[in-house]
Structures are given as C-alpha cells and as structure tokens.
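**Student:**
Residue numbers (the numbering used here), protein chains in the order written: chain W, 88 to 401; chain G, 77 to 354.
1) Which bits of chain G does residue 138(W) rub up against, with CB to CB less than 8 Å?
2) State buried or exposed for residue 346(G), treating a residue as buried only when at least 16 other CB atoms are found within 10 Å of its CB.
3) I'd like the ranges of any alpha helix (DSSP H) spanning at least 4 consecutive residues and lying wholly in the stretch 206-258 of chain G.
4) To the nearest whole angstrom, what separates the beta carbons of residue 366(W) and residue 340(W), a pair I think is in contact under 8 Å?
5) Given a cut-off of 9 Å on the beta-carbon distance, is the pair residue 93(W) and residue 258(W) in contact?
6) Considering residue 235(W), what are the terminal residues of the alpha helix (DSSP H) in which it resides?
7) Would you please verify whether the beta carbon of residue 185(W) is less than 9 Å from any beta carbon of chain G?
8) Which one or two residues does DSSP pair with residue 487(W) in a beta bridge?
9) Can you pull out the residues from the stretch 167-191 of chain W whose beta carbon lies closer than 7 Å to at least one beta carbon of chain G?
10) Where does residue 270(W) fall in DSSP's three states?
11) Going by DSSP, what residue range makes up the alpha helix (DSSP H) through residue 143(G)?
12) Compile a chain-ordered list of the residues in the stretch 196-207 of chain G whose CB is closer than 9 Å to at least one CB of chain W.
13) Based on the DSSP secondary-structure assignment, which residues constitute the bridge partners of residue 335(W)?
14) Check this for me: beta carbons of residue 345(W) and residue 207(G), under 9 Å apart or not?
15) Thinking residue 257(G) and residue 291(G) are a contact (beta carbons under 8 Å), I'd like their distance in whole angstroms, please.
16) Do the CB positions of residue 375(W) and residue 254(W) come within less than 9 Å of each other?
17) Just curious, the beta strand (DSSP E) that residue 165(W) is in, first and last residue?
18) Report all residues from its chain with a CB closer than 8 Å to the CB of residue 401(W); omit the five preceding and five following residues, and keep chain order.
19) Can you name the start and end residues of the alpha helix (DSSP H) that residue 298(G) belongs to?
20) Nearest-angstrom Cα distance between residue 188(G) and residue 300(W)?
21) Please report how far the alpha carbon of residue 230(G) lies from the alpha carbon of residue 305(G), in whole angstroms.
22) Drop a sphere of 10 angstroms on the beta-carbon of residue 145(W), count the other beta-carbons inside from all chains shown, and report buried for 16 or more, exposed for fewer.
23) I want to verify the contact list: residues of chain W whose CB lies under 8 Å from the CB of residue 239(G), in sequence order.
24) How far does the alpha helix (DSSP H) with residue 192(G) in it extend, from its first residue to its last?
25) At the 9 Å Cβ level, is residue 371(W) part of the contact set with chain G, yes or no?
26) Quick check: is the beta carbon of residue 114(W) nearer than 9 Å to any beta carbon in chain G?
27) Please name the residue, chosen from 298(W), 241(W) and 148(W), that lies closest to residue 393(W) on a Cα-to-Cα basis.
28) Anything in chain G within Cβ reach of residue 154(W), meaning under 7 Å, just list it in chain order.
29) Take every Cβ of the stretch 375-389 of chain W, pair it with every Cβ of the stretch 104-119 of chain G, and state whether three or more of those distances are shorter than 8 Å.
30) So residue 111(G) packs on residue 264(G), CB below 8 Å; how close in whole Å?
31) Could you run through the stretch 164-194 of chain G and flag, in chain order, every residue whose CB is less than 7 Å away from some CB of chain W?
32) In chain G, which residues lie less than 8 Å from residue 135(W) when you measure between Cβ atoms?
33) Tell me residue 387(W)'s beta-bridge partners as DSSP assigns them.
34) Using a Cβ-Cβ distance under 9 Å, would residue 283(G) count as near chain W?
35) How would you label residue 363(W), buried or exposed, when you count the other beta carbons within 10 angstroms and need 16 or more for buried?
36) Could you list which residues in chain W have their beta carbon closer than 9 Å to that of residue 347(G), in chain order?
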C-alpha cells in the first residue's frame, strides 16, 4: 500500500473541537456513540455545548432542529445506519423541509463496518439523503478531506449529510488541498476513460488507473466528494473528453453516486458507462478486505468495468 | 391564586370564539382540513397568545420572545387564526388556507408563515423540537419559555416519550407542554385505539410535574401555566381535558369531523352557533 492509513473520525473530532473554540454557536448532539463517532472530543472540551440524547435518534434530530431554529449550528452524529433510515421522517420534516442549519456527520457507513454485519452496514444512505430537497451530501475521500469538509460545512448554511467510515482509509489528498463543495477534484488526468469515485473507492480508482496504464489505457480519476449538489460540469467534460465512464462507490448501486452520475450523463452527454458498487443485496459479517472482494469493490472490478466501457466506446 | 376578573376572562373567551369561527370558515373555504382538533384547542391558544406568552407580532424574530410549537400540526387552522387575530398577518389572508401560493400551508411551515416557530404535521416531533429551543435558551441564559401543544393521539408516538425523558433529564423547567386531551383520534376513541391511561401517572413517572385541568376553562389554563412557571428543575405538562369539535354542537365528540370540512348546511349552522357571518 503506497498511502498512509488514517482515521476520518479522528479528524472529525479534531475539526469539531476547533470549531467549538472558534464559534460559540456550535452545539453537538450524539446518541450514545460519542466515543465511536469522536464527538466525545468535543464533549470533553465543551461539556456545556454537548448533548447526549441516549439511544433515541429521532428525538436527537428534532432536538437539533429546535437548536437550529434558535440560531445554533448543530452537528449531529451517530452511526450512518441509525442517523439516516431510523430517523428519516425527522430529517425530512424537521431538517430538510425547514432548511435548518444542521450537519449530520454519520460514521460507520458502508460495508467496511465489517464484523457487525448487515444490520450495521448501511449501503443506502446516500440514496436516502440525496433525494431530500435542500440536503447537501458529502462523502469525504480521506482523513484530511474529512477535516476540510467539516470546517467548510460549518460555514455553509443549511442541512448537510457527511458520510464517513469506521475503518482507517488511505490518505490520498494533500494537507493543503482546498475543499470546495461545488468542485470535484480531478486526481489524475487521462483521455481514454474516466473513473469517478467517492470515499474509499477513489484510492481504488487511482490504483485501477495505474493498472490500466500498464495496458496503454490512460484513465482520468475524479474524486466526487460532493454527490449533491453535483459538479456536473466536471463530470460532463470528462465524459466528453474521454468517451466512457466508470463509477465506484461503497454503496448500493441502486440510487447511489453512480446512479446520480448516470442521470447527469443521460441528460447531458450519453457515453458507455458502468457502475461499480454493492449489488442490490445486504452485506454480512467479515473482514473489510474479504467483504470488498465478495461484494465487488476491488481494483480488479474497476479495471474490468473500464475494459468493458472501453470496448463499447465507438 | 390570582382571580381574574370576569371581563378579562370574557375577552379571552371572545378570542377563543373567533379562533373557532375562523377555523371553520377556513376549513369550509379550503374544502378540507381538521375542524375537530382545531376547535378543541382554541381556548388554550387564546390564553397563550393573548395573555401568557411574551411575543410581538411586529417582530416575529424577536430573540427574547416566548416560543410556541404546535406539535399537533393538523390544528394549523386554529394556529393561523390566533396568529392573525394577534396581528402577525391580515385576517383576510386566512381564506387562502391550503390554496396554491398561500403562506398558509395545510400544516404549519416555519419558512412561510410569520409567527410559526417550527414546521410540523408529522406527529410526535414537536416536543423534541421545543426541547431543543429550551436547551438553546438555557445555553444562552435567556429567560424565554417554550410552550408546546400536543394532541393526545401523539401519545402513541415513541418519540413523544423519548422527548419526555430528555426534557426531564436536562431539567427543562422552561418547557410547558399542553396535551389537548379530547380523547378521540382518527380511527376512534384513544382508549380503544391505543390505551393511554393512566396518562398522568405516565408523565409523573417520566419526571414531569403534572397538572390536570378543564382545557376549555381559560382561568384554569392561566392558573396551570402560572404554576408551571414556578416549578424549578423539571418540566410541566398540563393535561387539558377537552371536547373534540368544542363549540359546534354536531361536531362535539364526533369522530366524523376529525379531518373533514363541513358541507353548506353544516357550515351555516356552525356559523350560527359561533355567532359569525359568512
């Protein structure tokens, strides 16, 4: 592995503590998982502005709404499986609809939760969140980008969902890189095929690009850290310039990032495309690598998909 | 206990009658809405907006105002009626309820209607939202109070009890909840659909100060609220025994008018009983 492995959650905790120092309007809520989500760091530094709601995510979301309606910027954290589906009505009615300034930063998303199994491996949260009007959806690619994303959304009004994982992830961005919600960074330029990834799959796209180059294929890699609003310009330009696209996400292929990209391309610039992601099935217990392999999230899967779209390209 | 003079109480009763009258007019003109639960809470709203709450219709975003959350959002007509009566927007606007482009949505929308503090409609959210406001007030060392009106049907919702636990855990003595205990929900009597009793004991067990009153008696509503203001270290719930459809004879205690507009004949009779012109 050529990259350092680091924790996104640790950077979330660090960013929150800094925000707490910088701004008095920041409050943080958690649902009995603060030591896992790392909001415990904020709780230790600013106990009077931290509110543990117990195992009551619905209640937590509405309580956050009350805070936001009173002028606070509320960060709400729990595991992604509990912070989306379990309290979907609360997010819809009391956060997205009234457009309140609440940042849901959910950890332990995706299949890399590992041993906890399907009950905890949410693979549909991007779908649930991106379909909500007013909601911004961000999947930071690594640990430094998690930090930058959290600092950025704190300055951005409105509801936001940030998806991070449990496992340490490869650090592929520079510490001094910029984070712009409206701009999907091109991580590697190329002219034959575009690989669009989000979260941990971006590093796999970079590895796939290396592999493809051995076969004389020049792949472009895009880090689509913000699923909504999507940087359509960068996506459409890449489709136009490379002529075929592969998406890769640690999420169900049903209505996740790949589907969102497909919709943009179908309406703007139609090219051969393939989505790499978890098929329409639930996960299971296992080690991260085993699960990534079984559910089709490997470098080989991306390479294979690239060859497929290249064949279909005119 | 303070005794309010008859004239003062009569004024508030007149306002409650206006709320009922305008609720019926709005629902009739809209052709849909929830008259039963709007009429049952009219007296509570009159007492809150015309005596209890510190608020300024000219400055809906005044930082130090008391906050009111209508958790039973389907009683929106009654809320709009009292807000208009108080001066948040013109009374004439009430006839736009549920119409395209109106600021008065079928259920309350905080970004559209001046004076609406929280968007509601999906049941069981209001108390938790009120708690968030109350925690924010404590954090900012503000003295404003939070009033939340719940339907008794909302006692079925798990989140109501999550919020009850949180308010008590965080000692939110700046929260006063009123339960519009009209004993009917959409499908039938609350005790038949999902037994709530002993309701007072449940709230006591959750750490709340509990008061039970006749929810159509303005004097009792005010006294209960004054008592709540004096309770330190825990929230207060006022169980307001009410009659669904109160004020219109054929709607009183009727399931039929939970969520249905009156027809022409029924409308004419309701106006007569509430002393209003069309």
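The beta carbon of each residue, even a glycine, is placed where N, CA and C say it ideally should be.
**Tutor:** This is what the structure holds:
1) Going along chain G in sequence order, the residues near residue 138(W) (Cβ under 8 Å) are 211 and 246.
2) With 16 or more other Cβ atoms inside 10 Å of its own Cβ, residue 346(G) counts as buried.
3) With a minimum length of 4 residues, the continuous alpha helix (DSSP H) runs that stay inside the stretch 206-258 of chain G are 234-245.
4) Confirmed, Cβ separation roughly 6 Å.
5) Cβ distance < 9 Å, so residue 93(W) and residue 258(W) count as in contact.
6) Annotation: the continuous alpha helix (DSSP H) that includes residue 235(W) extends over 230-241.
7) It does; some Cβ of chain G falls within 9 Å.
8) Outside the shown range of chain W (88 to 401) lies residue 487(W), about which nothing can therefore be said.
9) Hits within the stretch, in order: 176, 177, 180, 181, 184, 185 and 186.
10) Three-state DSSP puts residue 270(W) in coil, outside helix and strand.
11) For residue 143(G), no alpha helix (DSSP H) encloses it; the enclosing beta strand (DSSP E) starts and ends at 143-146.
12) Look at the stretch 196-207 of chain G: the residues with a C-beta under 9 Å from a C-beta of chain W are 196, 197, 198, 200, 201, 202, 203, 204, 205, 206 and 207.
13) The partner list for residue 335(W) (beta bridge, DSSP) reads 284(W) and 363(W).
14) The answer is no: Cβ separation not under 9 Å.
15) Yes, residue 257(G) and residue 291(G) are in contact; Cβ-Cβ is about 7 Å, under 8 Å.
16) It is a contact, given that the beta carbons lie within the stated cut-off.
17) Residue 165(W) -> beta strand (DSSP E) spans 160-166.
18) Once the five neighbours on either side are set aside, the close Cβ partners of residue 401(W) are 330.
19) Note, residue 298(G): alpha helix (DSSP H), 294-306.
20) For residue 188(G) and residue 300(W), the distance between alpha carbons rounds to 55 Å.
21) Each residue's CA atom was taken as its position, placing residue 230(G) and residue 305(G) some 24 Å apart.
22) The C-beta of residue 145(W) has 16 or more other C-beta atoms within 10 Å across all chains shown, which makes the residue buried.
23) By Cβ distance, chain W contributes 146, 149 and 150.
24) Per DSSP, residue 192(G) belongs to no alpha helix (DSSP H) and is neither H nor E.
25) No, because no Cβ of chain G sits closer than 9 Å to the Cβ of residue 371(W).
26) It does: the Cβ of residue 114(W) has a partner Cβ on chain G nearer than 9 Å.
27) It is 298(W).
28) Within chain G, 208, 211 and 212 have C-beta atoms less than 7 Å from the C-beta of residue 154(W), given in sequence order.
29) By the Cβ test, the stretch 375-389 of chain W is not in contact with the stretch 104-119 of chain G, since fewer than three Cβ pairs between them sit closer than 8 Å.
30) Not a contact, Cβ separation roughly 17 Å.
31) Correct list: 186, 187, 193 and 194.
32) Going along chain G in sequence order, the residues near residue 135(W) (Cβ under 8 Å) are 215.
33) Residue pairing by DSSP leaves residue 387(W) without any beta bridge partner.
34) Chain W contact via Cβ: absent.
35) Buried is the call here.
36) Within chain W, not a single residue places a beta-carbon under 9 Å from that of residue 347(G); the smallest gap is close to 34 Å.
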